[in-house]
Amino acid sequence: MFEALKPQPADKILALMQAFKDDPRADKIDLGVGVYKNADGVTPVMRAVKAAERQLWEEQSSKAYVGLAGDPAYSDAMISLILGDAVERDCVASVATPGGTGAVRQAFEMIRMANPAARVFVSNPTWPNHISILAYLGIEMVSYRYFDDETRGVDFGGMMADLEQVTKGDIVLLHGCCHNPTGANLNSVEWQAVIDLLNAKGALPMIDIAYQGFGDGLEADAIATRMVASGVPECLIAASCSKNFGIYRERAGLLMAVSSDKGARGLNQGTLAFLNRQNYSFPPDHGARVVTMILNDQALRADWAAELEEVRLSMLGLRQQLASELQALTGSDRFAFLAQHRGMFSRLGTTPELVEKMRADHGIYMVGDSRMNIAGLNAKTIPILAQAIVDVGV
Ligand code: LMR
159 MFEALKPQPA
169 DKILALMQAF
179 KDDPRADKID
189 LGVGVYKNAD
199 GVTPVMRAVK
209 AAERQLWEEQ
219 SSKAYVGLAG
229 DPAYSDAMIS
239 LILGDAVERD
249 CVASVATPGG
259 TGAVRQAFEM
269 IRMANPAARV
279 FVSNPTWPNH
289 ISILAYLGIE
299 MVSYRYFDDE
309 TRGVDFGGMM
319 ADLEQVTKGD
329 IVLLHGCCHN
339 PTGANLNSVE
349 WQAVIDLLNA
359 KGALPMIDIA
369 YQGFGDGLEA
379 DAIATRMVAS
389 GVPECLIAAS
399 CSKNFGIYRE
409 RAGLLMAVSS
419 DKGARGLNQG
429 TLAFLNRQNY
439 SFPPDHGARV
449 VTMILNDQAL
459 RADWAAELEE
469 VRLSMLGLRQ
479 QLASELQALT
489 GSDRFAFLAQ
499 HRGMFSRLGT
509 TPELVEKMRA
519 DHGIYMVGDS
529 RMNIAGLNAK
539 TIPILAQAIV
549 DVGV
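Here the sequence shown is numbered in the numbering used here, starting from 159 and rising by one per residue.
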């Protein structure tokens with residue numbers, strides 16, 4: 159049987175991670191996979207996470223199953239973190255999932271169940287795994303213009319023109335904040351225009367929010383998601399705790415199905431629980447429990463928010479330093495967009511050939527579409543990267 163299998167294409171982000179590991183050069187620089195690193199190149203366990211884990215180790219007396227949707231306290235805490243009071247709690251059905259990817263996968267499965275003819279519109283570019291999972295599930299995908307190669311900002315005119323093609327029942331996948339891979343984001347006037355368009359067309363938004371707190375702050379980064387949740391009859395929201403709690407390997411995510419029709423909640427909740435059961439039964443508990451403990455304890459929450467803010471500000475500082483270094487080297491403002499982008503990533507906006515040249519000649523690893531993980535930089539590597547960008551002729 160196994161001989162019938164065909165080799166699958168490697169995920170380009172994960173393949174890059176391996177290539178970096180295999181590179182013997184001591185001065186190589188990893189700007190690949192989206193993992194936060196501090197100035198020493200370490201991805202630390204956050205203070206509040208350590209404290210909650212310690213407490214959990216002391217207090218937890220059972221590892222018995224929790225429930226197909228995970229602990230309702232986790233859902234409550236996460237819904238309130240992401241949606242605030244934008245919608246009433248009983249409009250939201252939700253399940254814990256293994257990471258944000260688990261939430262994305264379950265959302266796509268729910269879409270396919272509810273409407274096998276639905277097309278999913280994705281930004282060009284988007285996180286490659288969105289495309290890969292949609293293809294795997296056999297869901298039709300349509301891409302809409304998003305990134306303007308000239309300005310390195312959002313091509314909003316192109317985006318709206320392409321979204322004119324959506325029809326009733328289609329899904330439009332949007333990044334709640336900190337667009338991955340570009341770092342370019344909509345402003346709130348633009349978000350409202352998208353919401354109005356989708357409502358006029360009868361299309362349903364799906365938000366992927368994986369970097370809340372990495373862009374303009376915990377509350378500011380949730381504004382667009384809240385506008386969508388309160389501004390449309392139905393939406394799906396896939397959230398990740400991997401980055402903002404730094405618990406990548408614990409796999410904690412949440413999928414929400416929001417409906418302004420409160421009567422729909424029971425059916426939505428049952429469907430989400432069913433999908434969990436079909437795919438892995440019970441979602442992982444450890445990371446979700448740690449998140450719940452942090453969000454529900456005033457001191458832990460304050461410490462977590464403070465550390466997250468340090469992380470956010472350090473990435474903003476790195477963006478500014480890189481932009482000014484390039485300004486000094488080129489005598490132009492053409493890299494000023496790096497300071498305006500938000501989140502972990504920026505798309506440099508260059509060719510795969512120059513990306514490869516930076517890897518070969520300078521040991522600098524970025525994704526082939528020129529996505530850089532800003533958190534992979536530090537004061538020492540910024541001048542090296544800036545010089546390499548100029549040397550290869552970006
Ligand atoms: C990324 O985009 O680098 C992260 O979301 C990690 C991943 O799973 O691809």
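Beta carbons are placed, not taken as given, at the ideal position from N, Cα and C, and that holds for glycine.
- With fewer than 16 other beta carbons inside 10 angstroms of its own, Thr-201 counts as exposed.
- Runs of the beta strand (DSSP E) spanning 3 or more residues and lying entirely within the segment 234-300 occur at 250-255, 277-282, in chain order.
- Counting C-beta pairs closer than 8 Å gives fewer than three between the segment 269-277 and the segment 448-457, which falls short of the contact rule.
- The three-state secondary structure of His-444, taken from DSSP, is helix.
- For Val-548, the uninterrupted alpha helix (DSSP H) run begins and ends at 539-550, by DSSP.
- Apart from the 5 residues on each side of it in sequence, Asp-234 sits with its Cβ closer than 8 Å to the Cβ of Arg-247 in its chain, given in chain order.
- Distances from the CB of Val-191 to the heavy atoms of ligand 1 include at least one below 7 Å.
- Here Gly-411 carries a strand assignment [DSSP, helix/strand/coil].
- Positions of the alpha helix (DSSP H) runs, each at least 4 residues long and wholly inside the segment 369-400, are given as 381-389 in order along the chain.
- Arg-505 carries a strand assignment under DSSP once its states are collapsed to helix, strand and coil.
- It is roughly 43 Å from the alpha-carbon of Pro-182 to the alpha-carbon of Leu-239.
- Relative to the non-hydrogen atoms of ligand 1, the Cβ of Ile-542 never comes closer than 7 Å to any of them.
- The C-beta separation of Met-385 from Trp-349 comes to about 6 Å, placing the pair in contact by the 8 Å criterion.
- Distance from the CA of Pro-167 to the CA of Arg-212, rounded to the nearest whole angstrom, comes to 40 Å.
- C-alpha of Leu-476 to C-alpha of Ile-547: approximately 16 Å in a straight line.
- Apart from sequence neighbours up to five positions away, the residues of its chain that approach Gly-341 with a beta-carbon distance below 7 Å are His-499, Arg-500, Gly-501, Phe-503, Ser-504, Arg-505, ordered along the chain.
- Contact between the segment 405-413 and the segment 248-264 is present, with at least three C-beta pairs closer than 8 Å.
- With a contact defined as Cβ atoms closer than 8 Å, Tyr-369 and Lys-401 qualify at about 6 Å.
- Per DSSP, the beta bridge partners of Met-530 are Ser-504.
- Note that the C-beta distance between Leu-331 and Met-364 is below 8 Å.
- The C-alpha of Ala-463 is placed about 11 Å away from the C-alpha of Val-207.
- With the rule of 3 Cβ pairs closer than 8 Å, the segment 519-531 counts as touching the segment 182-192.
- Within 7 Å of the C-beta of Asn-426 there is not a single heavy atom belonging to ligand 1.
- Secondary structure note for Asp-366: its beta strand (DSSP E) is the uninterrupted segment 362-367.
- With a cut-off of 7 Å, the C-beta of Ile-171 is classified as near ligand 1, since at least one heavy atom of the ligand falls inside that distance.
- Our two residues, Ser-388 and Met-516, have alpha carbons roughly 45 Å apart in a direct line.
- For the options Met-271, Val-552, Asp-313, Ala-177, the alpha carbon positioned closest to that of Ile-297 is the one of Met-271.
- Secondary structure at Phe-403: coil, using DSSP grouped into helix, strand and coil.
- The DSSP-derived three-state label of Ser-219 is coil.
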